[in-house]
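One structure is given here, and the rest of the page talks about it.
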Amino acid sequence: MARVTDYKSGRPPRNGSEPILKGGAELQRCLYAFAVRSLLPAVSSISSRLLYPKGTDSGLYSLADPDAVLSRLAEFLAAAARLAAAGNLLPGSGAQDIYNDFAFALPGGAKESYFELKFPLIAARLADLAPLWEME
27 MARVTDYKSG RPPRNGSEPI LKGGAELQRC LYAFAVRSLL PAVSSISSRL LYPKGTDSGL
87 YSLADPDAVL SRLAEFLAAA ARLAAAGNLL PGSGAQDIYN DFAFALPGGA KESYFELKFP
147 LIAARLADLA PLWEME
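Counting from 27, one number per residue, gives the positions in the sequence shown under this note's numbering.
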């Protein structure tokens, strides 16, 4: 068994909830499992986990089924590639966040009216990605 541990300096997930893809923000464990699978094909099983040293319990969060998560992530990536190829590079989940590093690319007045007017249309166009953004 190969074990990959990503040490996190932040706070552990609330209520002991197990983060999986966390709306696309938590990809490290999944990508580490993919790297091990790709680089070490002889390894039969992989344990990919997060370790929060500041956690009150063990602070260890293992990805329950790396292969299933990788498969689901591949589906989202394929959907994103299809959307991009069709020219649908639209603001998605988190675009309204004040800490969005790409806010400069949004139209003027995005905070005042753009999202309110366009979000229903954007959500419909990006519906294939919505399940990813809703994942914990």
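Where a beta carbon is used, it is the ideal one built from N, C-alpha and C, also for glycine.
Annotation for Gln122: Phe141 place their beta carbon closer than 6 Å to its own, counting only its chain and skipping 5 residues before and after.
Among the bridge pairs identified by DSSP, Thr31 is matched with Arg75. Taking C-beta atoms under 8 Å as the contact rule, Leu47 and Met161 qualify, at a distance of about 5 Å. A distance below 7 Å between beta-carbons, with the five flanking residues on each side excluded, links Gln54 to the following residues of its chain, in chain order: Asp32. The C-beta distance from Gly50 to Leu158 rounds to 5 Å, short enough to meet the 8 Å contact threshold. The residue from Gly85, Ser84, Leu76, Ala107 with its alpha-carbon nearest to that of Pro92 is Leu76. Assigned with DSSP and collapsed to three states, Ser88 falls in strand. With fewer than 16 other CB atoms across the displayed protein chains lying within 10 angstroms of its CB, Leu86 is exposed. DSSP places Val95 in the helix class (H, G or I) of the three-state scheme.
Per DSSP, reduced to three states, the secondary structure at Tyr58 is helical. DSSP places Pro157 in the helix class (H, G or I) of the three-state scheme.
Looking at the backbone, the Cα of Ala150 and that of Ala107 are separated by about 17 Å. Judged by their CB atoms, Cys56 and Leu96 are nearer to each other than the 8 Å cut-off.
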